[in-house]
Amino acid sequence: MKAFFSSVLLVSLTSVATAASTLEDTFAPHGRLIVAPFTSAPFPHPDRANGHTYHNKLYPAKEHYSDNTVALFIPRGFRETGAIDFVIHFHGWTNTVAGTLTTFHLVEQLVASGKNAVLVIPEGPHNAPDSFGGKLEDPDGFKRFMAEVVATLRARADFKIKEFLVGRIILSGHSGGYRVIAGIIDRGGLPKNADEVWLFDALYGRTDSFLAWADRTHGRLLNIYTDHGGTKAESEKLQARLTARATPFLAAGETALTAEALRKNQFVFIHTDLAHNEVADQRNEFALFLKTSVLADR
1 MKAFFSSVLL VSLTSVATAA STLEDTFAPH GRLIVAPFTS APFPHPDRAN
51 GHTYHNKLYP AKEHYSDNTV ALFIPRGFRE TGAIDFVIHF HGWTNTVAGT
101 LTTFHLVEQL VASGKNAVLV IPEGPHNAPD SFGGKLEDPD GFKRFMAEVV
151 ATLRARADFK IKEFLVGRII LSGHSGGYRV IAGIIDRGGL PKNADEVWLF
201 DALYGRTDSF LAWADRTHGR LLNIYTDHGG TKAESEKLQA RLTARATPFL
251 AAGETALTAE ALRKNQFVFI HTDLAHNEVA DQRNEFALFL KTSVLADR
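Encoded structure:
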């Protein structure tokens, strides 16, 4: 029996390593993708030790809350400066790291933007309808996560400058990714936790957290929302709150949006006719957000 379980474990570890290697090979033409297990990754987490039930269906922990994968992408031509900027993207419901990379073309958009930053995508709830951010919602959880990001890059990225600092941080989330971002900006443990926050049809709640963060840090909040994704009402409520307190913001249709307008405004609300799962890549919005961000060019 012991030999049987050892064989099963070996097969499982081999499968994981093979999947990571395949994903890394897929994006090799664009730069260096590192796929690694993190102890500080969102899962496993005690609050999902027994899985999660949604609409009377159980999503067991073994299949949906045990994957501690984190992907880190370094674009070809990355310029070492002694400080590294990061874009950390959180996927939404019923998705994975691999699904996010292959569906939303974030790697390709980062490369096209010309920005000198590392893209990081942690595994959230694996193919589950759940917004919980696991350990990244814990106090100082993001601080521990970023320390492991730095340690992983120092060990595996072949950088000449090993003692680099963490520079600017952008937190990006699609759909259910809003909740983990709110947890990070509330109690992540770093001085600012984020320089910018991007919500891709993701403002379902935690609005007070996003507003308090923007007021505290003067960071840019970009919110693109659809008619039928469930975020329109909350987006309009936040605009009304900003109007009531005489805070300037930009509200624009997506097709009329300009890069210059994006650069000039701290609060940006973008209404789009795209579908919920199209908002990040159908018109290269992720790349546009990158181009107008605080990040330095390569």
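The opening residue of the sequence shown carries number 1 in the working numbering; numbering runs sequentially from there. Note that CB positions come from ideal geometry on N, CA and C, so glycine has one too.
Taking C-beta atoms as the reference points, residue 47 and residue 132 count as a pair closer than 8 Å.
Burial is judged here by how many other beta carbons sit within 10 angstroms of a residue's own beta carbon; residue 96 has at least 16 and is buried.
Here the stretch 98 to 114 does not lie against the stretch 185 to 195, with fewer than 3 beta-carbon pairs under 8 Å apart. In the assembly as shown, residue 255 is an exposed residue. Its beta-carbon has fewer than 16 other beta-carbons within 10 Å. Judged by beta-carbon spacing, residue 169 lies within the 8 Å limit of residue 88, meaning their Cβ atoms are closer than that value. The closest CA to that of residue 183, considering only 154, 142, 137, is found on 137.
Straight through space, the alpha carbons of residue 63 and residue 195 are spaced by roughly 34 Å. For residue 93, there is no enclosing alpha helix (DSSP H), as DSSP marks it with neither H nor E. Nearest to residue 279 by alpha-carbon distance, out of 248, 85, 91, is 91.
Residue range 57 to 59 is occupied by the beta strand (DSSP E) that includes residue 57, with no alpha helix (DSSP H) assigned at that position. Under the DSSP assignment, residue 178 falls in the alpha helix (DSSP H) whose first and last residues are 178 to 187.
By the criterion of a C-beta distance shorter than 7 Å, residue 181 is surrounded in its chain by 90, 171, 173, 197, once the five residues flanking it on both sides are discounted. Taking C-alpha positions only, residue 94 is separated from residue 100 by approximately 10 Å. About 7 Å separates the Cβ atoms of residue 249 and residue 268, confirming a contact at the 8 Å cut-off.
Counting the other Cβ atoms within 10 Å of the Cβ of residue 140 gives fewer than 16, which makes it exposed. Straight-line measurement puts the Cα of residue 158 at about 12 Å from the Cα of residue 31.
Under the three-state reduction of DSSP, residue 115 is assigned to strand.
In the DSSP assignment, residue 236 falls within the unbroken alpha helix (DSSP H) covering 232 to 244. Residue nearest to residue 225 within the set 211, 77, 72, 252 is 252 (criterion: CA-CA distance).
Annotation: the continuous beta strand (DSSP E) that includes residue 53 extends over 52 to 54.
A residue is called buried once 16 or more other Cβ atoms fall within 10 Å of its Cβ, and residue 218, having fewer, is exposed. Counting other Cβ atoms within 10 Å of its Cβ, residue 175 reaches 16 or more and is therefore classed as buried. Put simply, the backbone Cα of residue 216 is about 34 Å away from that of residue 77. In this structure, the CA atom of residue 273 is about 11 Å from the CA atom of residue 282.
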